[in-house]
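Worksheet: the structure to be examined is printed underneath.
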Ligand code: MN9
């Protein structure tokens with residue numbers, strides 16, 4: 022199975038004032054990220070608010086982004102949905118358009134590990150020629166055992182591990198020696214995940230500070246770990262500031278502040294209250310947003 026590398030934004034989905042997918046804003050943002058040198062795109066994940074969108078809206082995002090960058094950069098589409106039928110439909114759609122891979126969160130409201138295996142098997146089988154990247158997000162007791170239980174899936178090609186445990190990260194990386202891509206999903210840990218063997222990172226803040234992460238990875242590749250750490254800390258100041266104000270609403274507002282208006286998040290994500298705009302702007306200024314996004 023194809024492998025992947027580099028710094029990828031978990032693309033935010035821009036919405037218009039009347040809560041429609043904003044195709045023009047997607048095009049603007051994607052072009053800017055390509056110009057910065059980002060190395061792939063992950064669509065409709067938790068940052069892309071895919072599970073809060075309709076199937077038609079998710080298809081529109083995929084069509085727009087694959088139409089813009091397909092063939093030039095890899096695009097992985099998150100297709101997870103509560104119904105495996107819907108996830109399968111999205112997976113087939115992604116394959117038909119020429120996406121590079123599919124990914125899925127765990128099914129909601131399941132309490133039996135065999136259900137997770139059954140669900141992932143069904144999603145992966147809908148696009149058998151595409152790499153399948155299960156998205157390990159949230160409190161998963163034993164990610165290593167879970168991945169081992171998915172071993173029979175022919176197109177299993179890695180995982181997106183959004184957890185903080187870097188020992189676990191090393192073990193997941195070590196599961197296979199080829200045809201295996203481990204994406205780290207916790208932006209605050211991008212450097213440490215890379216040092217633990219993660220092949221690539223996908224994250225929400227790469228929409229905002231993509232150039233900084235590229236520089237960070239370049240410093241690490243040159244063995245300049247002090248330089249890389251300074252950049253990780255610079256990014257984390259901004260990320261932790263966003264979290265204090267309600268992450269998705271603050272992230273989308275911050276994108277507008279640096280010239281990429283993407284509208285408000287989709288409910289149940291909460292927009293930044295208008296009364297907090299000045300406070301967030303000042304806090305981001307102090308956290309060094311301008312420097313972090315100038316790269
Ligand atoms: O996996 C994102 N995680 C979630 C991607 O959305 C739960 C991350 O990129 C975080 O937004 C980021 C900030 O905490 O690490």
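Numbering (the working numbering), first residue to last: 22 to 316. Just so it is clear, CB atoms sit at the ideal spot from N, CA and C, and this is done for glycine as well.
- Here DSSP, grouped into helix, strand and coil, assigns residue 120 to coil.
- Per the DSSP secondary-structure output, residue 153 pairs in a beta bridge with 123 and 177.
- Assigned with DSSP and collapsed to three states, residue 196 falls in coil, not helix or strand.
- By the criterion of a C-beta distance shorter than 8 Å, residue 49 is surrounded in its chain by 281, once the five residues flanking it on both sides are discounted.
- In the DSSP secondary-structure assignment, residue 140 is not bridged to any residue.
- Each residue's CA atom was taken as its position, placing residue 129 and residue 285 some 25 Å apart.
- Shown here, residue 51 sits in a helix according to DSSP, grouped into three states.
- Going by C-alpha positions, residue 149 is about 40 Å away from residue 245.
- Within the same chain, Cβ atoms closer than 7 Å to the Cβ of residue 185 are found at 207 and 210, the five residues on either side in sequence being excluded.
- Contact check for residue 203 against residue 194 passes: the beta carbons are separated by less than 7 Å.
- Rounded to the nearest whole angstrom, the C-alpha separation of residue 26 and residue 236 is 15 Å.
- In summary, residue 255 is buried, with 16 or more beta-carbon neighbours lying within 10 Å of its beta-carbon over all protein chains present.
- For residue 272, the secondary structure class from DSSP, reduced to helix, strand or coil, is helix.
- Residue 78 and residue 171 have their C-alpha atoms some 29 Å from each other.
- If you draw a straight line from the Cα of residue 160 to the Cα of residue 182, it is about 11 Å long.
- Counting along the chain, residue 292 sits inside no beta strand (DSSP E), nor does DSSP assign it H or E at all.
- About 11 Å separates the beta carbon of residue 120 from that of residue 90, a gap too long to meet the 8 Å contact definition.
- Residue state for residue 219 is assigned as coil, using DSSP reduced to three classes.
- A distance below 7 Å separates the beta carbons of residue 59 and residue 30.
- With 16 or more other Cβ atoms from the protein chains shown falling within 10 Å of its own Cβ, residue 215 counts as buried.
- Minimum Cα-Cα distance from residue 92 among the listed residues 61, 35, 274 and 76 corresponds to 61.
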